[in-house]
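Residue numbers (the working numbering): 4 to 227.
Each residue gets a CB set at the ideal place from its N, CA and C atoms; glycine is no exception.
One structure below.
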């Protein structure tokens, strides 16, 4: 993952990186090219061997020559407003939401996922050697699931594309159970069901098309 981030960072720094969208998220028109509007510094967090590491990179914004709207194109490893890289967010979210469906399965909680090998996930030392005593907060995973449940437009669009590509796909007939231990309200139950549907659909989408629904399709759907 560090190599992927480094490659992307260097391409932005050297002016090589280009907007990979073929359609404006706002006017839905297809220009010959989008013009780079802005480039912002951004630090990303990833978990390696039970420690949180910080890696510096960039976020780019582009402008549509037709409608004049500017929009952010996130790299393949990022999600909007989240400092942790995508693979950590999706991995932890999947582990939590798909656990507990069988009485024989080991109980998985937010707190248990905030540990590796029964040890709290801490922060790696900074480049200057400063010791960061913070720990990965279990409440972070709760917020990730809340965010993923908001991407209903992306979920519906991915379903449409899957149906067009593979009408016989069983993804539309899957029952989406959620362990009753994971929610205390109907609203939270609904959020978790949407999250699980999104994770399952993303898995099927990758099988059919290669890339994830994040970030390309989600950007076209304006991250909704």
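C-beta atoms of residue i and residue j nearer than 8 Å
| i | j | result |
| --- | --- | --- |
| residue 148 | residue 194 | yes |
| residue 98 | residue 82 | no |
| residue 24 | residue 76 | yes |
| residue 142 | residue 86 | no |
| residue 211 | residue 165 | yes |
| residue 34 | residue 69 | yes |
| residue 61 | residue 12 | yes |
| residue 223 | residue 28 | yes |
| residue 202 | residue 93 | yes |
| residue 173 | residue 227 | no |
| residue 58 | residue 124 | no |
| residue 120 | residue 213 | no |
Residue i classed as buried or exposed, judged by whether at least 16 other C-beta atoms fall within 10 angstroms
| i | result |
| --- | --- |
| residue 217 | buried |
| residue 63 | buried |
| residue 84 | exposed |
| residue 50 | buried |
| residue 139 | buried |
| residue 160 | buried |
| residue 134 | exposed |
| residue 7 | exposed |
| residue 207 | buried |
Nearest-angstrom Cβ-Cβ length linking residue i and residue j, presumed shorter than 8 Å
| i | j | result |
| --- | --- | --- |
| residue 215 | residue 151 | Wrong, their Cβ atoms sit about 13 Å apart, outside the cutoff. |
| residue 199 | residue 101 | 7 Å |
| residue 55 | residue 113 | Rounded, the Cβ-Cβ distance is 16 Å, inconsistent with contact. |
| residue 128 | residue 67 | Actually they do not touch by this definition, with Cβ atoms about 43 Å apart. |
| residue 168 | residue 181 | Incorrect: roughly 27 Å between the Cβ atoms, too far for contact. |
Could you tell me whether the region 10-25 touches the region 35-51, using the rule of 3 or more Cβ pairs below 8 Å? As far as the Cβ criterion goes, the region 10-25 touches the region 35-51, which means the pair count is three or higher.
Pick out the complete alpha helix (DSSP H) segments inside the region 154-211, 4 residues or longer, and give them in chain order. 155-168
Output the residue ranges of the beta strand (DSSP E) runs that lie fully inside the region 11-74 and measure 3 residues or longer, sorted by chain position. Whole beta strand (DSSP E) segments, 3+ residues: 38-51, 54-66.
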